[in-house]
Every structure is written in structure tokens, then in C-alpha cells.
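Heads up: the sequence shown begins at 59 in my numbering, then just goes up one per residue. For each residue, glycine too, the CB sits at the ideal point set by N, CA and C. Being a predicted model, the structure only gives us computed values, none of them experimental. Structure record follows, encoded as C-alpha cells.
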Amino acid sequence: MDEKRILVTQPSLPAMDDYIKEIEGIWQDHWLTNFGSRHNQLCEKLKEFLDIPQVSLFSNGHLALEAMLEAFDLEGEVITTPFTFASTTHAIVRKGLTPVFCDIDKYTYCIDHRKIEELITPKTCAILPVHVYGMICDVEAIQKIAQKYNLKVIYDGAHAFGVKKDGIGIGRFGDATMFSFHATKVFHTIEGGAIAYSDENLRMKFHQLQNFGFGDSDDAELVGGNAKMNEFQAAMGLCNLRRIDMAMEARKQVMERYMERLSGVDGLVLPPEQPGVQRNYAYLPVRFEKNQFGEDRDQVKKRLESHNIFSRKYFYPLTSAFECYKGRLNGGNTPIAQAISETVLALPIYEGLTQADVDRVCDVILEGHK
Ligand SMILES: *Cc1c(COP(=O)(O)O)cnc(C)c1O
């Protein structure tokens with residue numbers, strides 16, 4: 059194969075010296091985990107950057123999601139989307155709750171708020187929407203429904219780091235929002251995650267849930283697990299946060315080049331811009347409609363691979379169709395989610411991708427256009 063390999067993503071890394079400087083203090087403190095000084099510093103800096111009132115850091119995003127579901131003592135059914143990463147649905151099921159799948163909006167790929175009400179039953183306790191690819195749900199409409207039926211709203215904001223709506227941090231909406239700091243996300247702490255929330259009373263609850271149930275005493279007050287962020291993770295976060303604006307700007311350039319090259323092509327659907335939304339350029343989902351484009355998603359993916367370019371069927375299959383849920387969950391009526399999952403391809407986008415790389419990806423894609 060002639061050309062350099064291009065993967066769908068590549069983790070951002072600070073200069074090695076920066077990280078070494080940041081972790082040097084750990085050898086002086088001899089404090090490696092359990093709410094150390096880097097952990098606390100990162101909390102303060104994230105509150106400011108994300109424009110959120112409260113934050114709790116976690117060892118990863120998935121455990122943060124599970125902690126949110128536990129913190130609100132939920133029981134019964136949770137209305138959610140099947141067009142998401144496995145984590146969202148698994149968290150609901152692992153916490154003994156039943157996911158009820160709602161269809162998605164065909165432009166934003168987020169839960170279709172117009173279809174939520176018809177799914178509400180006396181057993182419904184919460185809505186768990188996902189800000190898919192960093193595009194945002196209709197947070198106001200969802201809030202109205204939640205108020206009317208007295209439901210909790212818990213957002214999976216794994217993709218939405220740094221996103222703002224009319225200047226307001228996306229983590230301010232709903233009862234709580236999870237952000238993932240996994241290596242592949244826009245901002246990362248190697249593995250890691252956080253919960254953003256407003257109610258100060260939740261702080262101790264999240265602390266106990268991630269620390270074996272211990273609060274201020276030696277007596278466990280609830281049956282907690284272990285999901286603390288350690289000092290090496292927090293140090294990586296501090297380094298990455300110092301360069302986040304630059305990293306997002308680089309992604310923006312990549313996104314704009316893709317837009318220049320691919321907009322206006324028949325049968326090729328690019329992600330929309332949402333008015334008033336400050337984006338984070340996390341993902342580049344493109345849809346291929348075979349009749350107009352000439353090739354279907356799988357054909358484009360295969361041809362890219364033959365040129366050493368790796369895209370991802372993200373998200374396919376729907377979580378409701380997973381093997382582990384066969385005969386166990388009601389898949390619901392989600393034709394739009396199904397159609398999107400069969401036509402969408404996430405193209406390579408990351409900080410280090412050059413304009414020449416983007417052009418190479420686009421050239422190969424456009425070869426398939428009839
Ligand atoms: C990455 C991701 C998660 C899980 O986060 P981790 O930090 O990897 O545990 C959950 N939901 C979505 C939509 C994600 O993309």
C-alpha cells in the first residue's frame with residue numbers, strides 16, 4: 059500500500075515535557091489518587107471552561123453515567139435513544155432500569171423530543187438523551203416534558219465537551235450531564251469522565267458513589283463503588299486543558315476543509331450547523347444515499363480502506379439491536395435511527411490531520427460519486 063495510514067481518530071497529546079513537569083510534583087507529594095491536588099485543580103478549571111456550577115470527576119465516563127442513574131434513586135423505565143455508543147444503554151440496564159427507545163431527529167441525530175411523550179407510562183422515571191457528535195438535543199423542549207411529568211433528565215454529553223448554547227455551557231441543562239474524557243474524545247485524561255450539575259447536595263452523593271460509600275467518616279453510608287480520578291489522569295487533563303483552544307481550532311480547520319470539498323455533492327449529507335451553538339468539532343458524520351451518490355456507506359468505507367484510510371460505522375448497529383439484548387429488550391419503533399445507522403460513516407477528524415490528508419480522504423470518497 060502506497061499511502062500513509064489515516065485512522066478515524068488520534069488522541070491529542072501535550073508536549074512530553076509539559077506532562078513530565080505536571081507529574082513531577084507527584085513524586086514530592088507522594089499522593090497518587092483519592093482527590094489529590096491535581097484532581098482539585100482540574101475541577102476548578104473545568105468549571106470555568108465548561109461554564110458549569112458543580113463538577114465531580116470520575117475514572118471514566120461510563121462509571122459517571124452509572125453514578126448519575128444511582129444518585130437519583132431511579133426505578134422503572136428510562137426513555138433514551140438507540141443511536142448512541144453502547145455505554146448509554148448498558149448503563150441503564152446495568153443499573154436495573156429498562157431502556158425505552160425513542161426515535162431520533164433526522165437532522166441532528168439526537169432524540170426526537172416530539173416522540174417522547176407518547177412513550178411515557180406510569181413507570182417512566184427519567185429521560186436520558188445523548189448530545190450525539192456534539193450536536194445538541196432540544197434541551198428546552200425536553201425540560202418542558204420533564205417538568206410536566208416530573209421526570210429526571212440525565213444527559214449523556216460524552217461528545218459535547220466545550221459545547222455552548224447561546225453562550226451557556228451545555229452541562230447546565232437537565233439534572234446532570236456526563237462528559238467523557240476518554241483518549242479518543244476532544245478533551246481527555248487518558249481515561250476519565252465528569253458529571254456536571256447544579257444541585258450542590260449531589261456533591262456528597264457522587265463522592266460516596268465513587269468512593270465505596272465513604273463521605274467524611276469511616277462509616278460507609280451507602281453501597282458505593284470505586285470510580286475516582288487519579289493524579290496522573292488529572293495531570294494529563296491539566297496539560298490538555300491548556301491547549302484545548304488550539305486543539306479545537308485545528309479540528310475546526312479540518313472540518314471546514316471537509317465542508318469545502320464535500321458540500322453540494324448529491325446524496326452526500328453533511329452535519330448541519332445549529333444556530334446559536336458553539337461547536338467542538340468532535341466528529342464528522344457523513345451520510346451516503348446510494349441512489350443519488352452512487353455508492354452506499356459500506357462501499358465507501360471499503361474503498362477508503364483500500365487506500366489505507368479508516369472510517370467508522372458510528373453508530374451501527376443500534377444499541378437496541380445488540381446481541382446481548384436479543385429477546386431481552388423491546389427495540390421500540392425507531393425507523394429514522396435505523397436508516398441513519400445504515401447510511402452514516404464517521405470520517406477521520408483529529409487535531410493532527412493535515413489539509414493534504416483531508417484532501418486525500420475526499421478524493422477517494424468522490425471517486426465513488428456517479
Ligand atoms: C465515549 C462514550 C461514553 C463512555 O465514556 P468512557 O469515558 O469511554 O467510559 C458514553 N457515551 C458515549 C456517547 C460515548 O461516546
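| Asked | Found |
| --- | --- |
| Looking at T146 and ligand 1, is the gap between the Cβ and the nearest heavy atom below 6 Å? | yes |
| Could you round the C-beta distance between E135 and K153 to whole angstroms and report it? I think they count as a contact, below 8 Å. | No, E135 and K153 are not in contact; Cβ-Cβ is about 12 Å, not under 8 Å. |
| Can you tell me whether W388 is buried or exposed, with buried defined as 16 or more other CB within 10 angstroms of its CB? | Checking the sequence, you will find Asn at residue 388 rather than Trp. Label assigned to N388: exposed. |
| Three or more beta-carbon pairs under 8 Å between the segment 77-90 and the segment 204-220, yes or no? | no |
| Using the C-alpha atoms, what's the distance from K428 back to A252? | 45 Å |
| Are the Cβ atoms of D161 and T401 separated by less than 7 Å? | no |
| Using 8 Å as the threshold, is the segment 288-301 in touch with the segment 136-145, meaning 3 or more CB pairs across them? | no |
| Below 6 Å, is the gap between the Cβ of G229 and the nearest heavy atom of ligand 2? | By its list of ligands, the structure shown excludes ligand 2, since it contains just ligand 1. |
| Return the chain-ordered ranges of every beta strand (DSSP E) run that is complete within the segment 137-192 and spans a minimum of 3 residues. | 156-159 and 182-186 |
| Mind checking whether the beta-carbon of S369 lies closer than 6 Å to any heavy atom of ligand 1? | no |
| Please state whether the Cβ-Cβ distance between P111 and S321 is less than 7 Å. | no |
| Please name the residue, chosen from S95, A379 and F290, that lies closest to S117 on a Cα-to-Cα basis. | F290 |
| In the DSSP assignment, find the beta strand (DSSP E) that holds M236 and state where it starts and stops. | A234 to S238 |
| Ignoring anything shorter than 3 residues, give me the beta strand (DSSP E) runs that lie fully in the segment 83-124, in order along the chain. | 112-116 |
| Would you tell me roughly how many angstroms separate the C-alpha atoms of Q396 and K164, rounded to the nearest one? | 11 Å |
| When DSSP labels each residue in this structure, what does R345 get in the three-state scheme? | strand |
| For D170, count the other beta carbons within 10 Å of its own beta carbon; 16 or more makes it buried, fewer makes it exposed. Which is it? | buried |
| Does the contact criterion of 3 or more C-beta pairs under 8 Å hold for the segment 83-97 versus the segment 202-210? | no |
| When burial is assigned at 16 or more other CB atoms within 10 Å of the CB, is L424 buried or exposed? | exposed |
| Among residues of its own chain, excluding the 5 on either side of L104, which ones have a beta-carbon nearer than 6 Å to its beta-carbon? | V113 |
| Under the rule that 16 or more other beta-carbon atoms within 10 Å means buried, what is K310, buried or exposed? | exposed |
| Can you list the alpha helix (DSSP H) stretches of 4 or more residues lying completely in the segment 265-312, in chain order? | 289-300 |
| Closer than 6 Å: is that where the CB of S114 sits relative to any heavy atom of ligand 1? | no |
| To the nearest angstrom, how far is the alpha carbon of G334 from that of H189? | 15 Å |
| Is L260 helix, strand or coil when you go by DSSP? | helix |
| Can you list, in chain order, the residues of its chain with a C-beta nearer than 8 Å to that of F380? Leave out the 5 residues immediately preceding and following it. | A144 and T147 |
| Taking the runs of the alpha helix (DSSP H) that are 4 residues or longer, which of them lie wholly in the segment 376-415? | 393-401 |
| If distances are taken between C-alpha atoms only, which option among V419, L115 and A293 comes closest to M74? | A293 |
| Could you give the C-beta distance for S95 and A305, rounded to a whole number, given that I count them as a contact under 8 Å? | With a Cβ gap of about 25 Å, S95 and A305 do not count as contacting. |
| Can you list, in chain order, the residues of its chain whose CB lies under 7 Å from that of F373, leaving out five sequence neighbours each side? | F141, T142, F143 and S399 |
| Could you check the C-alpha separation between E124 and A149 for me, to the nearest Å? | 5 Å |
| Which residue or residues does DSSP assign as beta-bridge partners of Q336? | K222 |
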